[in-house]
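Worksheet for the structure shown next.
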Amino acid sequence: MLSLLFAAAFGRVVDKDTPFTNEEYWTLWQHFQTLEGHSGYSTVSEHNSRFEIFKKNMDFAREFNAENDGTYTFTMGVTIFADQTQDEFQAYLDKSSRTKPADVKNGVIYDPSLYPAPEEEVDWVSQGYVTPVKNQGSCGSCWAFSTTGGIEGQNYKVNKVLSSFSEQELVDCSQKEGNQGCNGGLMDDGFTYVEDKGLCFESSYPYTGKDGTCDTSCTSKVTVTGFTDIKQGDTSGLLSACSSQGPISIAVDANIWWQMYTGGLFNHNCNPSKLDHGVLLVGYSKGSYWKVKNSWGSGWGEKGYIRLTGTDANTCGLANSASYPTVAKN
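Residues 6 to 335, numbered by the numbering used here, are exactly what the sequence shown covers, in order.
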C-alpha cells in the first residue's frame, strides 16, 4: 500500500533533490512496468539488466530536473523508454530516419495569404479531429501514424466522422511509393498511396508492429485527392495551415532528449536539419508552443503528446517537412 501511495504521489516526473533509495528505485520500476506498451521480460537476467539501465536513467532524470535553473522548461522521468540505453533509443529513432525530397511531387504549396490570420490558440484534439494516441511499438513506422493522423483529421473536417485508419496497410502495401515499412517512410508518399489505393479502417486491417504481406481484401473507407506542402522552414505558414486546415503531418528531430520527456515546453538540443521522426501537429498557443501528437503510446510525454517551444521557432525542425492531404466527401 505504501508503495502504491508513493507511486501515485510521485507520478512520472522524477522530482527529488537527494539520490534514490533502493526502495524508491523499486517503486519507480514497478510503476514503469504498468505503462502502456510495456510487454514484460522473458528471463530474470533480462529483467535484472533492464532494471540496472532504468536506475541509471532515473539518476540522470533526477539530476537534470534538480539542477535545472530555469534554462529548460521541461521535465524528465519515467517513460516507456526508461529501460533503454541512449544508444538503443537512438537506434530506434534511426530506423525511421529519412529526410524529405527537395522536389514537391504534386506541385501544391500552401499559400497563407488565402486564409484569415491565425487564431491565437488552436487545439484540434478538443474539437474532435484527432483519434486517441496510438503506439507504433518497436517498428519504425512513425511516418504511417503521421499519415493516418493527417487523413483522420481531414476526414473529420469533411465528413464529420472521426475514424481510425490503418497504419499497417501503409506499412505492408506502400513500398511502391518509396516507403520502407518498419524501416521508415515519408508522409507525402503515404498520401500518394492512399490517393491511388484508398485506405481501410484500422479495425479491418489492424496494426501488428512488424512488416507483413500486403492484404488487399479489406475495403477502402477514405479517398485522398491530393496533398499540400507547407514551404520548408516557414513557421508562419505552418501556423496559418494549422489554424485554417486542421492537424498537419510533420517530421521532427526526436533526439535522445525525447527519451524521458514527461512534460513541459521542450526546448533542448534539436537539430532542425536532422529529421528522424514523423508526428502530427494538432494545435498551438501562439507565441508559446506547438502541440504535437506522438505515436509512442500514452506512457510517454503528456499522455502521448509533447509541446515544442515557440510558434515563431522551427523547434526540432517541425516546419521542414509539413503537409496535409485533401479528403473527398463521402
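All C-beta atoms, glycine included, are put in the ideal place defined by N, C-alpha and C.
Keep in mind the model is a prediction, meaning the values are calculated, not measured.
Excluding five sequence neighbours on each side, which residues of the same chain lie with their C-beta closer than 6 Å to the C-beta of W305?
Excluding residues within five positions, the ones whose Cβ falls inside 6 Å are T84 and I85.
G238 versus N325 - alpha carbon distance
One C-alpha to the other measures close to 5 Å.
Rounded to whole angstroms, how far is the Cβ of T314 from the Cβ of L270, which I believe are closer than 8 Å?
Contact holds; Cβ gap of about 5 Å.
Could you tell me whether the stretch 158–169 touches the stretch 87–103, where touching means 3 or more Cβ pairs closer than 8 Å?
The stretch 158–169 is not in contact with the stretch 87–103.
Residue environment, P117, which counts as buried when at least 16 other CB atoms sit within 10 Å:
Under this definition P117 is a buried residue.
Return the first residue and the last residue of the beta strand (DSSP E) that V127 is part of.
Per DSSP, the unbroken beta strand (DSSP E) holding V127 starts and ends at E126 to D128.
Can you tell me the Cα-Cα spacing of F15 and K21, whole angstroms?
With a pLDDT of only 44 at F15, under 50, the local geometry of the prediction cannot be trusted, and the value read off the model is given with reservation. Distance between the alpha carbons of F15 and K21: 9 Å.
With DSSP as the reference, label P252 as helix, strand or coil.
P252: coil per DSSP, three-state reduction.
The stretch 271–285 / the stretch 134–153 touching (three or more Cβ pairs under 8 Å):
As far as the Cβ criterion goes, the stretch 271–285 touches the stretch 134–153, which means the pair count is three or higher.
Considering Cα atoms alone, identify which of Q38, F206, D281 and C178 is closest to G189.
Answer by Cα proximity: D281.
How is the beta strand (DSSP E) around S328 delimited, first residue to last?
According to the DSSP assignment, S328 belongs to the beta strand (DSSP E) that extends over S328 to V332.
Under the three-state DSSP convention, the category F206 falls into:
Residue state, collapsed to three classes: strand.
Ignoring anything shorter than 3 residues, give me the beta strand (DSSP E) runs that lie fully in the stretch 102–189, in order along the chain.
With a minimum length of 3 residues, the continuous beta strand (DSSP E) runs that stay inside the stretch 102–189 are 126–128.
What would DSSP say about F232, mapped onto helix, strand or coil?
Note: F232 maps to strand in three-state DSSP.
Please state whether the Cβ-Cβ distance between D193 and S328 is less than 8 Å.
Yes, the pair counts as a contact, with Cβ atoms nearer than the cut-off.
Per DSSP, the bridge partner or partners of Y266
Looking at the DSSP output, Y266 bridges to M81.
Between the CA atoms of F206 and P252 - distance to the nearest angstrom
Approximately 19 Å, taken between the alpha carbons.
Measuring CB to CB, does G155 end up less than 8 Å from P330?
With respect to the 8 Å criterion, G155 and P330 are classified as neighbours on the basis of their beta carbons.
Measure the CB-CB distance between V113 and G231 and report whether it falls below 8 Å.
It is a contact, given that the beta carbons lie within the stated cut-off.
Is there contact here, the stretch 292–306 with the stretch 125–139, by at least three beta-carbon pairs under 8 Å?
Yes: at least three Cβ pairs fall under 8 Å.
Could you tell me whether the Cβ atoms of C187 and C219 are closer together than 8 Å?
Taking 8 Å as the cut-off, the Cβ atoms of C187 and C219 do not count as close.
Measure from the alpha carbon of G214 to the alpha carbon of each residue in G302, D92, R55 and V49, then state which is nearest.
Closest by alpha carbon: G302.
According to the Cβ coordinates, are F37 and D88 closer than 8 Å?
Remark: C-beta atoms of F37 and D88 approach each other more closely than 8 Å.
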